[in-house]
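The structure under discussion appears below in the form of structure tokens.
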Amino acid sequence: MKLKILLLLQLIFFAVMGGWFYLNREKYIAEFWLETVPADPRDYISGTYNELRYAQESKAQECLSEIYDKKTYKYSAYLEFGPSEKKFELKDGGSGYFYEIKNCSFEKKEGKYWILTDISYKNSKIVPIFPHKFFLNENDERKNISSGKAAVKFRILKNKKLGLIDLKETKNENI
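Numbering that gives the first Met the number 0 puts the sequence shown at residues 0 to 174.
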């Protein structure tokens with residue numbers, strides 16, 4: 000009898016958890032594409048992923064460095080993204096505009112394209128942290144796309160963090 004109750008409780012737990020995941024699967028604010036710049040190739044020892052670097056990282060670093068007062072350490076910052084003038088075309092069809100950083104702040108900001116990012120300090124410079132590894136299945140043909148030839152699709156999640164959701168090869172190398 001105790002075993003039946005235990006199995007029933009587990010079944011109820013997983014049904015509730017599955018229902019919660021189902022209802023919250025599309026909870027995001029916006030989607031946009033970021034441009035990549037060339038980076039070191041993937042590390043074959045660490046697994047199957049693409050190492051990505053973004054054109055907007057240096058712009059984010061510059062923006063945050065301008066407003067940083069160096070009196071107190073900050074552990075997170077807000078970055079606002081908006082469409083740029085740079086258009087891209089995907090190899091498998093489709094096109095769009097890359098997004099770029101329009102503004103930054105250490106204070107909480109609201110708006111559709113404001114994201115919350117963690118920051119670190121390197122050589123007394125402030126460095127925003129972006130998702131750099133895109134993990135792939137070993138049989139995925141995207142594993143050979145190099146940074147600099149890729150467009151990366153992000154979602155701004157409800158907690159204002161970036162969620163990396165797709166990687167596509169562009170027709171021209173991003174510079």
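Glycine is no exception: its CB is placed at the ideal position from the N, C-alpha and C atoms.
- DSSP, read as helix, strand or coil, puts ALA54 in coil.
- Along the length of the segment 95-159, whole beta strand (DSSP E) runs at least 3 residues long occupy 113-121, 124-127, 132-134 and 149-156, reported in chain order.
- In this structure, DSSP gives LYS1 a helical state, which the three-state scheme calls helix.
- By DSSP's assignment, GLU168 forms a beta bridge with ALA149.
- TYR77 is bridged by DSSP to SER104 and LEU115.
- A Cβ-Cβ separation of about 6 Å places LYS132 in contact with GLU50 under the 8 Å criterion.
- Secondary structure of TYR21 (DSSP, three-state): helix.
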